Amino acid sequence: MSRIALRAFAAGIIFACAVLSGAYYLFDQKGARGTGIQETTKLPDKNGNAEMRKPDKKQASSIKPVSPDKGNDTKKQAHDPIQEKSSPSSYTLKIKSGMTTEDISNLLAANKIIKDKKQFEDYMEKNHLSGRIQIGTYVLTSVMQLSQIAKTITN
614 MSRIALRAFA
624 AGIIFACAVL
634 SGAYYLFDQK
644 GARGTGIQET
654 TKLPDKNGNA
664 EMRKPDKKQA
674 SSIKPVSPDK
684 GNDTKKQAHD
694 PIQEKSSPSS
704 YTLKIKSGMT
714 TEDISNLLAA
724 NKIIKDKKQF
734 EDYMEKNHLS
744 GRIQIGTYVL
754 TSVMQLSQIA
764 KTITN
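Here the numbering used here = 1-based position in the sequence shown + 613.
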């Protein structure tokens with residue numbers, strides 16, 4: 614091939630790319646560029662289930678801690694401290710754009726969902742989950758293990 618033919622071929626490729634990119638931006642259909650954060654939260658997962666990040670009304674009402682009745686006799690109140698320890702406290706975690714694992718662990722520790730901030734941060738780093746945290750709202754309880762919390766906020 615001569616120089617002129619090679620240059621003409623290259624110019625044709627560049628021209629074709631310019632025409633295709635112009636057509637792409639001018640005649641772009643909705644959804645052709647991908648989905649944004651708002652649309653992604655509405656998509657079902659691969660099994661056809663709706664997103665699990667937002668709690669159902671039934672689930673949220675069943676997680677609320679139960680306060681003991683004040684009209685109980687003293688024998689029943691002797692057993693209440695054991696039940697109070699076992700009653701889980703729940704917290705609705707709202708992860709926003711730009712939040713780090715440290716920010717999340719501070720919120721969870723302040724709301725008594727986790728006991729040790731450092732242990733949670735180490736778990737996230739060790740399993741390479743810090744970069745996979747998803748923006749959204751999650752209902753977490755104090756009885757959840759670190760692995761369950763991590764799975765919830767990374768899915």
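Glycine included, each C-beta is placed from N, C-alpha and C at the ideal position.
Note that the structure is predicted; figures quoted are calculated from it, not measured.
Inspect the beta-carbon positions of Ile726 and Leu753 and report whether they are closer than 8 angstroms.
For the purposes of this step, residue 726 is taken as the residue at position 113 of the sequence shown. For the purposes of this step, residue 753 is taken as the residue at position 140 of the sequence shown. Taking 8 angstroms as the Cβ cut-off, Ile726 and Leu753 qualify as a contacting pair.
Suppose contacts are defined by Cβ-Cβ distances below 8 angstroms. Is Gln732 in contact with Leu706 by that definition?
Position 119 of the sequence shown, counted from the start, is the residue given in the question as residue 732. Position 93 of the sequence shown, counted from the start, is the residue given in the question as residue 706. No, the Cβ-Cβ distance between Gln732 and Leu706 is not below 8 angstroms.
Suppose contacts are defined by Cβ-Cβ distances below 8 angstroms. Is Ile748 in contact with Ile708 by that definition?
Counted from its first residue, the sequence shown places residue 748 at position 135. Counted from its first residue, the sequence shown places residue 708 at position 95. Yes.
Using the three-state DSSP reduction, which class does Thr713 fall into: helix, strand or coil?
Residue mapping note: residue 713 aligns to position 100 of the sequence shown, counting from 1. Coil.
Apart from the five residues on each side of it in sequence, which residues of its chain come closer than 6 angstroms, Cβ to Cβ, to Thr765?
Along the sequence shown, one-based indexing puts residue 765 at 152. Hits under 6 angstroms: Tyr751.
Own chain, CB closer than 8 angstroms to Thr687, minus 5 neighbours either side, in chain order:
Taking the sequence shown and counting its residues from 1, the one referred to as residue 687 is at position 74. Unreliable positioning characterises Thr687 in this predicted model, as indicated by a pLDDT of 48, which lies under 50. The coordinate reading is nonetheless provided below. Counting only Cβ-Cβ distances below 8 angstroms, and skipping sequence neighbours, we find nothing.
From Tyr638 to Lys739, what distance separates their C-alpha atoms?
On the sequence shown, position 25 is the one that residue 638 refers to. On the sequence shown, position 126 is the one that residue 739 refers to. Distance between the alpha carbons of Tyr638 and Lys739 is about 42 angstroms.
Around the C-beta of Ser634, are 16 or more other C-beta atoms found within 10 angstroms, so that it is buried, or is it exposed?
Indexing the sequence shown from 1 puts residue 634 at position 21. By the Cβ-count criterion, Ser634 is exposed, with fewer than 16 other Cβ atoms from all chains shown falling within 10 Å of its own Cβ.
Alpha carbon to alpha carbon, how far is Ala691 from Ser755?
Reading the sequence shown from its first residue, position 78 is the one you call residue 691. Reading the sequence shown from its first residue, position 142 is the one you call residue 755. Confidence in Ala691 is poor, its pLDDT being 49 and thus under 50, which makes the residue's placement too unreliable to answer from.
To the nearest angstrom, how far is it from the Cα of Asn719 to the Cα of Phe640?
Indexing the sequence shown from 1 puts residue 719 at position 106. Indexing the sequence shown from 1 puts residue 640 at position 27. Each residue's alpha carbon lies about 47 angstroms from the other.
Using the Cβ count rule (16 or more neighbours within 10 Å means buried), how would you classify Thr557?
The shown model of the chain, from 614 to 768, leaves out residue 557, and the question about it has no answer.
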